[in-house]
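**Q**
There are 2 protein chains.
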Amino acid sequence: MSQSRFESLRDLLPADLFQDDDATLAAFESDGLTAFRCRPQGVVLPRTNEEVIRTVQWCHENSVPFVARGSGTSLSGGSMPVSDGIVISLNRLQKILSLDPDNRIAVVQPGVVNLQVSAAAAPHGLYYAPDPSSQKICTIGGNVAFNSGGAHCLKYGMTSNHVVGIQAITATGKLVEFGGQSVESIGPDWTGLFCGSEGLFGIALEITLRLLPKPEQFHTVLVGYHSLRDAGDAVSAVIESGLLPGAMEIMESLAIEAAEAATACGYPKDAEAVLIVELEGPREKLAAEQAQLESVIAGTNAFETVVAENAEQRDKIWAGRKSAFSAAGLLSPDFLVQDGVVPRKRLGEALERIQVISSASGLRVANVFHAGDGNLHPLILFDDSVPGELERAEACAGEILRLCIEMGGSITGEHGVGVEKRDFMPEMYDQPTMDLMHRLRHAFDPQQIANPGKMFPGTEAPALTAHGLHPLEKAGVISRE
Amino acid sequence: MSQSRFESLRDLLPADLFQDDDATLAAFESDGLTAFRCRPQGVVLPRTNEEVIRTVQWCHENSVPFVARGSGTSLSGGSMPVSDGIVISLNRLQKILSLDPDNRIAVVQPGVVNLQVSAAAAPHGLYYAPDPSSQKICTIGGNVAFNSGGAHCLKYGMTSNHVVGIQAITATGKLVEFGGQSVESIGPDWTGLFCGSEGLFGIALEITLRLLPKPEQFHTVLVGYHSLRDAGDAVSAVIESGLLPGAMEIMESLAIEAAEAATACGYPKDAEAVLIVELEGPREKLAAEQAQLESVIAGTNAFETVVAENAEQRDKIWAGRKSAFSAAGLLSPDFLVQDGVVPRKRLGEALERIQVISSASGLRVANVFHAGDGNLHPLILFDDSVPGELERAEACAGEILRLCIEMGGSITGEHGVGVEKRDFMPEMYDQPTMDLMHRLRHAFDPQQIANPGKMFPGTEAPALTAHGLHPLEKAGVISRE
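In order, the protein sequences belong to chains A and B. Its first residue numbered 2, the first sequence is counted upward by one per residue in the working numbering. Its first residue numbered 2, the second sequence is counted upward by one per residue in the working numbering.
(1) How big is the Cα-Cα spacing for V338 (chain A) and L244 (chain A)?
(2) Along the chain, where does the alpha helix (DSSP H) that runs through P433 (chain A) open and close?
(3) Taking CB distances under 9 Å as the criterion, tell me whether F195 (chain A) reaches chain B.
(4) Find out if the Cβ-Cβ distance for the pair I381 (chain B), R365 (chain B) is shorter than 9 Å.
(5) Taking the beta carbon of T35 (chain A) as the centre, do at least 16 other beta carbons fall within 10 Å, making it buried, or is it exposed?
(6) For the beta strand (DSSP E) that contains A274 (chain B), what are its first and last residues?
(7) Would you mind working out which of A:T434, A:P283, A:S84 and A:T209 sits nearest Q168 (chain A), comparing C-alpha positions?
(8) List the whole-angstrom C-beta distance separating G375 (chain A) from V343 (chain A), where the pair is believed to meet the contact cut-off of C-beta under 8 Å.
(9) Tell me the DSSP secondary structure of Y157 (chain A) in three-state form.
(10) Is it buried or exposed, G389 (chain A), if we count other Cβ atoms within 10 angstroms and call 16 or more buried?
(11) What would DSSP say about Q95 (chain A), mapped onto helix, strand or coil?
(12) How about R403 (chain B) and F457 (chain B): are their beta carbons less than 9 Å apart?
(13) For S360 (chain B), count neighbouring Cβ atoms within 10 angstroms of its own Cβ and tell me buried if that reaches 16, exposed if not.
(14) Going along the chain, which residues of its own chain have a beta-carbon closer than 6 Å to the beta-carbon of N148 (chain B), five neighbours each way excluded?
(15) Can a CB atom of chain A be found closer than 9 Å to the CB of W191 (chain B)?
(16) Measuring CB to CB, does P111 (chain A) end up less than 9 Å from H163 (chain A)?
(17) If we cut at 9 Å on Cβ distances, does H61 (chain A) have a partner in chain B?
(18) To the nearest angstrom, how far is it from the Cα of I97 (chain B) to the Cα of R105 (chain B)?
(19) For a test of your reading of the model: does the CB of L13 (chain A) fall under 8 Å from any non-hydrogen atom of the ligand PLP? Yes or no.
(20) Express the C-alpha separation of N92 (chain A) and F336 (chain A) in angstroms, rounding to a whole number.
(21) What is the DSSP secondary structure of I412 (chain A), counted as helix, strand or coil?
(22) Just to confirm before moving on: does the CB-CB distance between L206 (chain B) and V275 (chain B) stay below 9 Å?
(23) Give the secondary structure of Q314 (chain B) by DSSP, where H, G and I count as helix, E and B as strand, and everything else as coil.
(24) Anything in the region 405 to 419 of chain A with a Cβ closer than 9 Å to a Cβ of chain B? List those residues in chain order, please.
(25) With a threshold of 16 other CB atoms inside 10 Å of the CB of A312 (chain A), please say whether the residue is buried or exposed.
(26) Please report the residue range of the beta strand (DSSP E) in which P379 (chain A) lies.
(27) Pick out whichever of A:C60, A:F7, A:E30 and A:L14 has its Cα sitting closest to the Cα of Q448 (chain A).
(28) Within 9 Å of any Cβ in chain B, is that where the Cβ of A289 (chain A) sits?
(29) Since T56 (chain A) contacts V68 (chain A) with CB under 8 Å, what's their CB separation in whole angstroms?
(30) Note down, in chain order, every chain B residue with its Cβ under 9 Å from the Cβ of Y430 (chain A).
(31) Based on Cα-Cα distance, which residue from B:G454, B:I450 and B:K455 lies nearest to T171 (chain B)?
(32) How close, in whole Å, do the beta carbons of G71 (chain B) and T140 (chain B) come, if the pair is a contact with beta carbons under 8 Å?
(33) Specify the secondary structure class of N104 (chain B) as computed by DSSP and reduced to three states.
(34) Are the CB atoms of G373 (chain A) and L155 (chain A) within a distance shorter than 9 Å?
(35) Could you name the residues of the same chain whose beta carbon sits closer than 6 Å to that of A260 (chain B), not counting the 5 residues immediately before and after it, in chain order?
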């Protein structure tokens, strides 16, 4: 496309909204999946819904691909630009449009940061439940696009369980509205269809979120185990006791080491695995549950149990867990974060098999996971300066994903498919199902201009297991750092 | 279509699977929305998935409409046949294919009755949460098609919150599979899209359900009030206290009278409204919550409080509530059950406005509702033998639905759109949104042969508010009893 084509977009928008200088383009080249980058033709930074709509309509009329982006924290390359298209940056659309404490509903723009919703709701004793580790910077628009989870989705479910209505501009430039202010929707779950659509259907402009009453109190316990299996068994014991903790997380030794180095979180020394269990609720209820949890843990092989006595101690425990991904950088020059799901009861078996894969690959794997729902986050450590290590790490990641599929799980729990896992989709879904997904996408975006190249595999070879150049690199769409 | 066309379907199936004798056709003429009936060309009663698949593929190849049907309890005419098509009756597909207590998952066929799932799960201490009032006879396939709710969806959500995977045959005869065994799904919520699709996308053949641990104990309280507003205020007070009851139901005097006549449920005498609140959970937790609930109710204008002392007393309280719809028949020769949603906080206002509508129409309206989530079920009493009363009742129902829309609610909480409310869809959704819904339907069913005439309005005049003949009657598609 010639430069003059983008001039018509520039002319359509207020001055400075369309930018294509090198510095701006460089800032949008990659996202949380840092291994890859791609320079777009331009970036639009709208201040109003109207400007987003005008931009999308221009893209539709001119068949120009666009990628909507919030803070770019995607770990699957979901917000990576495309080389022949533009980025629509939504960070300026950061208003909480309304907050109705009586009906426990907030209507927000897509650029609102996750944690800001809870901050705004706090004076009313309310909060927004989904809590991805990146919640200090990630935006609600991105959370919707990837149906984000977080440590507390064991009890509260994913983003889609907390979005009751969406106003969106589709890839064909039409403004549509799904859902409302109630969890009881009409007909198919159109709102749920939009949640997790990874930007392929259009851009959410107004998102109606459900708020929950803030738990009166927390009871956070950190338990040390000498083996991963013991920690896994403890998770099963807690679930079988009938308790439903707000969160239940496991980190293994390598991840503990990283978190300790990053945040001095004071996790039990010599632990092969730590388990974090957090109960929450009204004071009286919690007292009863606390006693129950204590007796369940006493029945496991725990060698050390730390109970957070106050908010500060609770924050410290969580700081270790939430830093795990970034802290892995202290252990290794490079790492891949994986995201897969196995049936909860088969966690122990899955972790043993991941250890086998790790040994065979000669790469260390640090496991961190949402244990209550079987969502694994192996961190595969490697050194990109050693020839072949990235490829080995990708091969290792691929084997872990295939393991998840084989065990009846899933290739992603919360990070999404994005660029990273699109080639695994046909291993999860058969051809008629993939065909139907394509037809549904077509209903939103017949030109395939909304975030193209994500979620659906192309005709290229598998991405993660490819040795040498990534297929998108071969095609000149992206380049590696 | 000539009779010989159906002969090729008959030949395709084992003997006696295709039936078109008068007695069979008559049995399938109508569903829970008894005001209308329609005779199909034939009924297929498959015993295997393979026979369903073959039938749907035949329909696709021959462009013959089909309506899948379980027990036919739809209250919106959702399983009403079409005159130029066939009914596929799924009641023989009633196997629970697997039940995995460790992973708390059951895989069932569509003809399995709702309550049978809980019965099968009971020996493992588990149950299936969604509990429509018709749960003794309604089937899981129908629950999926209409995303059914029930008294306990306040705490547990609708059917879509409990279905984690679906294998379905689409209207184009393709076998597809969505979701899996985990709540963490990939990409858009395809499973949720299928839930609530009212049979327009195809037929679910295998449904993977989430099971929950049976609450250790229940605490069921029946509270009498002298005014509906007091009962409504009590609901708000309970919610604001931070308690999350499993269910919270209100019935007003006329509904109480009906329930009393039908089940001698012993509700407080002279109550203008009764509130049922049910807490559930482990014994210790319940003890704490019970005290909290007692003090909340003490702060309301309750004049009588009955606490169920045992399972028998609990069953008696629920028998009254669950009989309300059928019991209305004791008060009036005919009645319409409506289903709408208003924001919970505006319940009191909605009920007052319904009383105004009722007075103006000269018809009695008995209100029964899932108070915790603002889901109203007005029962509009009329006598079809009095000329004009049915039309007045339909007009009254239409006004109530418009009231729900105007108040920011919805035209259906759990009964679905079906035939009954399809003409209200454009009042809820604007044209671009309706267009998009049509395109999504087209992705599943380009020929529009799966349950045609439901959910989407045709070109006819509004259904419920039509005086004289229903538009489908004018078109000769259906006839009135």
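Even glycine gets a Cβ: it sits at the ideal position worked out from N, Cα and C.
**A** Reading it off the structure:
(1) 30 Å
(2) Q432 to F445
(3) yes
(4) yes
(5) By the neighbour-count criterion, in which a residue is buried when 16 or more other Cβ atoms sit within 10 angstroms of its Cβ, T35 (chain A) is exposed.
(6) A274 to G282
(7) A:T209
(8) 5 Å
(9) Here DSSP, grouped into helix, strand and coil, assigns Y157 (chain A) to helix.
(10) G389 (chain A) counts as exposed, since fewer than 16 other beta carbons sit within 10 angstroms of its beta carbon.
(11) coil
(12) Against a cut-off of 9 Å, the Cβ pair of F457 (chain B) and R403 (chain B) comes out as no contact.
(13) So S360 (chain B) counts as exposed.
(14) M159, T160, S161, C196 and G197
(15) yes
(16) Between P111 (chain A) and H163 (chain A), the C-beta gap is not smaller than 9 Å, which leaves the two residues out of contact.
(17) Chain B places no beta carbon closer than 9 Å to that of H61 (chain A), leaving this residue out of the contacts.
(18) 14 Å
(19) Annotation note on the ligand PLP: not contained in the displayed structure, which lists no ligands.
(20) 28 Å
(21) coil
(22) no
(23) helix
(24) Result list: G409, G410, S411, I412, T413, G414, E415, G417 and V418.
(25) exposed
(26) N376 to F383
(27) Of A:C60, A:F7, A:E30 and A:L14, the smallest CA-CA separation from Q448 (chain A) is found for A:C60.
(28) yes
(29) Actually they do not touch by this definition, with Cβ atoms about 12 Å apart.
(30) V177, E178, F179 and I187
(31) For T171 (chain B), the nearest C-alpha among the options comes from B:I450.
(32) 3 Å
(33) coil
(34) Yes.
(35) Once the five neighbours on either side are set aside, the close Cβ partners of A260 (chain B) are C266, G321, S324, A325 and A328.
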